[in-house]
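**Q** In the numbering used here, the protein residues as written are 6 to 150. Sending over a structure as structure tokens; questions will come in a sec.
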Amino acid sequence: MKLTIRSICKLIFLVLTAIAFIPNIYAANHDEYQGVTCFSKKHIMEKQIDKAKKAGNLHQAQGLEKALHDINTYCNDDDLKAKYTEKVIEKTKKVAEKEQALAKAQAKRDSQKIAKQKLKLSEAQKELREAKTKLAEFYKEIQAK
Numbered sequence: 006m007k008l009t010i011r012s013i014c015k016l017i018f019l020v021l022t023a024i025a026f027i028p029n030i031y032a033a034n035h036d037e038y039q040g041v042t043c044f045s046k047k048h049i050m051e052k053q054i055d056k057a058k059k060a061g062n063l064h065q066a067q068g069l070e071k072a073l074h075d076i077n078t079y080c081n082d083d084d085l086k087a088k089y090t091e092k093v094i095e096k097t098k099k100v101a102e103k104e105q106a107l108a109k110a111q112a113k114r115d116s117q118k119i120a121k122q123k124l125k126l127s128e129a130q131k132e133l134r135e136a137k138t139k140l141a142e143f144y145k146e147i148q149a150k
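Here's what the structure looks like:
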């Protein structure tokens, strides 16, 4: 009986993990890259303005020009670096919290809580990977300038 419950919990965990990644796969394929440095944000915004003007979307172009003005006025790579670094620290703490919660559930041998905590840990680890990737992309773009 114990083996069956454990197998069911593993199956549930795998299915829930797969479901959790579906929206991110969709978003990754359909969102435009937003840039991670001020230079890349400016470049992307300029492309979007040109695209809007060519399509005759003057209101959209005006809004994008305001956004470009804001990037030129307020964007600072040092602030972005701090933001991305803080996000990695925040997500690292979240992973540690989820690992502790999983350890508690495992100590209690509560299979439902274990499955739930594994899913939460998996999501936190994914968020940490994304934050680290964004920070790495930032450094890569800075070095390429």
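Virtual Cβ for every residue (Gly too), placed ideally from N, Cα, C. Model, not experiment: these values are computed from the prediction.
1) Short check: CB of V41 to CB of Y79, under 9 angstroms?
2) Under DSSP, the alpha helix (DSSP H) around D75 begins and ends at which residues?
3) With a 10 Å radius around its C-beta and 16 neighbouring C-beta atoms as the bar for buried, classify L69 as buried or exposed.
4) Have a look at L126 and A60 and give me their C-alpha separation to the nearest angstrom.
5) Hey, how far is the Cα of E145 from the Cα of K56?
6) Quick one: what's got a C-beta closer than 7 angstroms to K58's C-beta in the same chain, skipping five residues either side?
7) If we call anything under 9 angstroms between Cβ atoms a contact, is A129 one with K99?
8) Answer with buried or exposed for I54, where buried requires no fewer than 16 other C-beta atoms within 10 angstroms of its C-beta.
9) On the CB-based measure, 16 or more other CB atoms within 10 Å of its CB, does A120 come out buried or exposed?
**A** Inspection of the coordinates gives the following:
1) Locating residue 41 in the sequence shown gives position 36, counting from the first residue. Locating residue 79 in the sequence shown gives position 74, counting from the first residue. Contact: no.
2) In the sequence shown, residue 75 corresponds to position 70, counting from 1. Here the alpha helix (DSSP H) through D75 covers L63 to Y79.
3) Looking up residue 69 in the sequence shown gives position 64. Buried, by the Cβ-count rule.
4) On the sequence shown, residue 126 is found 121 positions in, with the first residue counted as 1. On the sequence shown, residue 60 is found 55 positions in, with the first residue counted as 1. Straight through space, the alpha carbons of A60 and L126 are spaced by roughly 45 angstroms.
5) Along the sequence shown, read from residue 1 onward, the residue named residue 145 stands at position 140. Along the sequence shown, read from residue 1 onward, the residue named residue 56 stands at position 51. The residue asked about is misnamed: residue 145 is Lys in this sequence, not Glu. Going from the Cα of K145 to the Cα of K56 covers about 27 angstroms.
6) Along the sequence shown, read from residue 1 onward, the residue named residue 58 stands at position 53. If we look at K58 and ignore the five residues flanking it on each side, its Cβ neighbours are A66.
7) Here the question's residue 129 lines up with position 124 in the sequence shown. Here the question's residue 99 lines up with position 94 in the sequence shown. It is a contact, given that the beta carbons lie within the stated cut-off.
8) Locating residue 54 in the sequence shown gives position 49, counting from the first residue. Around the beta carbon of I54, a 10 Å sphere encloses 16 or more other beta carbons of the protein chains shown; the residue is thus reported as buried.
9) By one-based count along the sequence shown, residue 120 stands at place 115. Per the 10 Å Cβ criterion, buried.
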